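Structure first, then comments.
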């Protein structure tokens with residue numbers, strides 16, 4: 004459901020085939036292919052405006068492994084971790100695995116950060132975790148919003164920013180990669196994946212950028228859990244990152260049209276409401292009535308539509324369901340017809 008319906012662009016697939024034929028079939032550097040790490044460092048430096056070296060980069064077994072390794076490396080038992088929510092459920096799982104203590108902080112009604120609420124809980128927090136754009140709401144935190152966040156956090160609080168959907172932004176939101184926000188320098192753990200941008204979910208390739216000593220700690224956990232990342236996939240990732248928008252622009256154009264269609268359809272359903280998503284490919288829909296989101300998700304599944312219950316994404320997600328618009332318009336039309344039939348019976 005968080006799965007692009009597009010195939011991986013052909014140049015990336017061909018690069019992987021070529022890599023296999025060239026003999027990239029063996030173990031590689033546990034930190035990642037040196038050429039790939041260097042490319043990521045160069046691109047990250049250009050975004051940040053300050054030097055980032057290959058020693059600050061770890062190539063990971065997908066975004067999920069990057070997130071989990073980072074949290075396990077940096078969060079100790081009993082540490083407080085702030086989760087502005089609704090947000091991606093993996094963060095909670097990883098913090099609990101590390102023995103940390105999650106403090107949920109509800110976002111505003113427009114799904115943006117509530118800095119006053121964060122300030123109330125900020126004291127002694129080891130980490131705050133953001134998804135930007137947000138899964139499940141599609142909210143996009145802008146440059147000023149991230150800079151203002153640092154003003155309410157303790158100086159030692161790490162900021163982990165997962166930008167899996169950073170290249171899927173539809174509107175003028177003043178978005179800036181977290182790397183480009185100078186106030187985050189020195190405390191940022193930056194997570195990226197090729198899964199969503201390049202339709203490479205099954206390839207399992209992502210990366211972490213962090214200050215050298217922090218990256219070293221994350222590296223120890225990741226190498227223990229995962230070993231080295233697939234050699235041929237890393238060679239294909241070079242092609243993806245070098246090509247950039249040349250490969251992804253057509254997908255973004257289609258996602259925008261789908262977003263607009265979903266927004267129009269939801270607006271026409273009595274009792275349903277959603278904040279227009281500025282990024283990602285999800286619609287976080289408030290449904291009519293007071294039923295639990297798990298029950299509504301079950302009813303929708305019985306009606307032929309698979310969604311996620313809003314409560315999976317945090318306490319304020321109750322009363323909502325998450326839809327994915329990573330499907331073509333005819334499929335979305337049929338799915339929204341089914342959703343409307345169920346919603347009218349709630």
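Numbering (this note's numbering), first residue to last: 4 to 349.
Even for Gly, the Cβ is constructed at its ideal location relative to N, Cα and C.
Source: prediction; values computed, not measured.
Quiz item: When you compare only the Cα positions, how much space is there between residue 196 and residue 169?
Solution: Along the chain shown, read from residue 1 onward, the residue named residue 196 stands at position 193. Along the chain shown, read from residue 1 onward, the residue named residue 169 stands at position 166. One C-alpha to the other measures close to 10 angstroms.
Practice problem: Determine, using beta carbons only, whether residue 246 and residue 14 come nearer to each other than 8 angstroms. | Solution: By 1-based counting over the chain shown, the position of residue 246 is 243. By 1-based counting over the chain shown, the position of residue 14 is 11. Against a cut-off of 8 angstroms, the Cβ pair of residue 14 and residue 246 comes out as a contact.
Quiz item: So who's on the other strand from residue 2, going by DSSP bridges?
Solution: In this structure the chain extends from 4 to 349, so residue 2 is not present and cannot be described.
Self-check item: Unbroken stretches of the beta strand (DSSP E), 3 residues or longer, contained in the segment 238-283
Solution: none
Quiz item: Which partner residues does residue 327 have in the DSSP bridge list?
Solution: Walking along the chain shown from the start, residue 327 turns up at place 324. Beta-bridge pairing links residue 327 to 285.
Quiz item: Which two residues bound the contiguous beta strand (DSSP E) that contains residue 210?
Solution: For the purposes of this step, residue 210 is identified with residue 207 of the chain shown, where counting begins at 1. Residue 210 -> beta strand (DSSP E) spans 209-212.
Practice problem: State buried or exposed for residue 295, treating a residue as buried only when at least 16 other CB atoms are found within 10 Å of its CB. | Solution: Within the chain shown, the letter at position 292 stands for residue 295. The residue in question, residue 295, is exposed, as its Cβ has fewer than 16 Cβ neighbours within 10 Å.
Quiz item: My guess is that residue 312 and residue 297 are in contact by the Cβ rule of under 8 angstroms, so how many angstroms apart are they, rounded?
Solution: Taking the first residue of the chain shown as 1, we reach residue 312 at position 309. Taking the first residue of the chain shown as 1, we reach residue 297 at position 294. At roughly 4 angstroms, the Cβ-Cβ gap stays under 8 angstroms, so residue 312 and residue 297 are in contact.
Practice problem: Output the distance between the C-alpha atoms of residue 273 and residue 88, rounded to the nearest integer angstrom. | Solution: Position 270 of the chain shown holds residue 273. Position 85 of the chain shown holds residue 88. Distance between the alpha carbons of residue 273 and residue 88: 26 angstroms.
Exercise. List the whole-angstrom C-beta distance separating residue 84 from residue 62, where the pair is believed to meet the contact cut-off of C-beta under 8 angstroms.
Key: Here the question's residue 84 lines up with position 81 in the chain shown. Here the question's residue 62 lines up with position 59 in the chain shown. At roughly 25 angstroms, the Cβ-Cβ gap does not stay under 8 angstroms, so residue 84 and residue 62 are not in contact.
Practice problem: Identify which residue in 110, 161, 118 and 147 has its Cα closest to the Cα of residue 127. | Solution: Looking up residue 127 in the chain shown gives position 124. Cα-wise, what sits closest to residue 127 is 161.
Quiz item: Exposed or buried, residue 71, counting other C-beta atoms within 10 Å across all chains shown (16 or more means buried)?
Solution: On the chain shown, position 68 is the one that residue 71 refers to. Classification for residue 71: buried.
Quiz item: To the nearest whole angstrom, what separates the beta carbons of residue 268 and residue 339, a pair I think is in contact under 8 angstroms?
Solution: Mapped onto the chain shown, residue 268 falls at position 265. Mapped onto the chain shown, residue 339 falls at position 336. The Cβ separation is near 5 angstroms, so the contact holds.
Self-check item: beta strand (DSSP E) segments (min. 3 residues) lying fully within the segment 144-209
Solution: 161-165 and 191-196
Quiz item: Just to confirm, are residue 18 and residue 242 a CB contact at a threshold of 8 angstroms?
Solution: Along the chain shown, read from residue 1 onward, the residue named residue 18 stands at position 15. Along the chain shown, read from residue 1 onward, the residue named residue 242 stands at position 239. Against a cut-off of 8 angstroms, the Cβ pair of residue 242 and residue 18 comes out as a contact.
Quiz item: Taking the alpha carbon of residue 335 as the point to measure from, which residue in 278, 108, 258 and 92 has its own alpha carbon closest?
Solution: What you label residue 335 is simply residue 332 of the chain shown in a count that begins at 1. Among 278, 108, 258 and 92, the Cα nearest to that of residue 335 belongs to 258.
Quiz item: Short check: CB of residue 36 to CB of residue 207, under 8 angstroms?
Solution: Here residue 36 refers to the residue found at position 33 of the chain shown. Here residue 207 refers to the residue found at position 204 of the chain shown. Result no, Cβ atoms of residue 36 and residue 207 do not sit closer than 8 angstroms.
Quiz item: By a C-beta neighbour count over all protein chains shown, 10 Å radius and 16 as the cutoff for buried, is residue 332 buried or exposed?
Solution: Within the chain shown, the letter at position 329 stands for residue 332. Under this definition residue 332 is an exposed residue.
Exercise. Identify, in the order they occur along the chain, each residue of the same chain with its Cβ nearer than 6 angstroms to the Cβ of residue 307, setting aside the five sequence neighbours on each side.
Key: Reading the chain shown from its first residue, position 304 is the one you call residue 307. Within the same chain, residue 307 has close Cβ partners 341.
Quiz item: Do three or more CB pairs link the segment 99-106 to the segment 52-62 at distances below 8 angstroms?
Solution: no
Practice problem: Could you tell me whether the Cβ atoms of residue 130 and residue 78 are closer together than 8 angstroms? | Solution: One-based indexing of the chain shown puts residue 130 at position 127. One-based indexing of the chain shown puts residue 78 at position 75. Taking 8 angstroms as the Cβ cut-off, residue 130 and residue 78 qualify as a contacting pair.
Quiz item: In the structure shown, what three-state DSSP assignment does residue 294 receive?
Solution: By 1-based counting over the chain shown, the position of residue 294 is 291. The answer is coil: DSSP assigns residue 294 none of H, G, I, E or B.
Quiz prompt | Inter-residue spacing [alpha-carbon to alpha-carbon] between residue 132 and residue 172 | solution = Numbered from its first residue, the chain shown carries residue 132 at position 129. Numbered from its first residue, the chain shown carries residue 172 at position 169. About 20 angstroms.
Exercise. Using 10 angstroms around the beta-carbon of residue 227, count the other beta-carbons present and answer buried if the total reaches 16, otherwise exposed.
Key: If you number the chain shown from 1, residue 227 lands on position 224. Counting Cβ neighbours within 10 Å, residue 227 comes out exposed, since fewer than 16 surround it.
Practice problem: Can you have a look at residue 180 and say buried or exposed, based on whether 16 or more other CB atoms are within 10 angstroms of its CB? | Solution: If you number the chain shown from 1, residue 180 lands on position 177. With 16 or more other Cβ atoms within 10 Å, it is buried.
Quiz prompt | Close Cβ partners of residue 11 (< 8 angstroms) along its chain, the five nearest in sequence each way excluded | solution = The residue given as residue 11 occupies position 8 in the chain shown. Counting only Cβ-Cβ distances below 8 angstroms, and skipping sequence neighbours, we find 201, 202, 203 and 206.
Quiz item: Who are the Cβ neighbours of residue 318 in its own chain at under 8 angstroms, not counting the five residues just before and after it?
Solution: Numbered from its first residue, the chain shown carries residue 318 at position 315. Taken in chain order, the residues that qualify are 88, 107 and 109.
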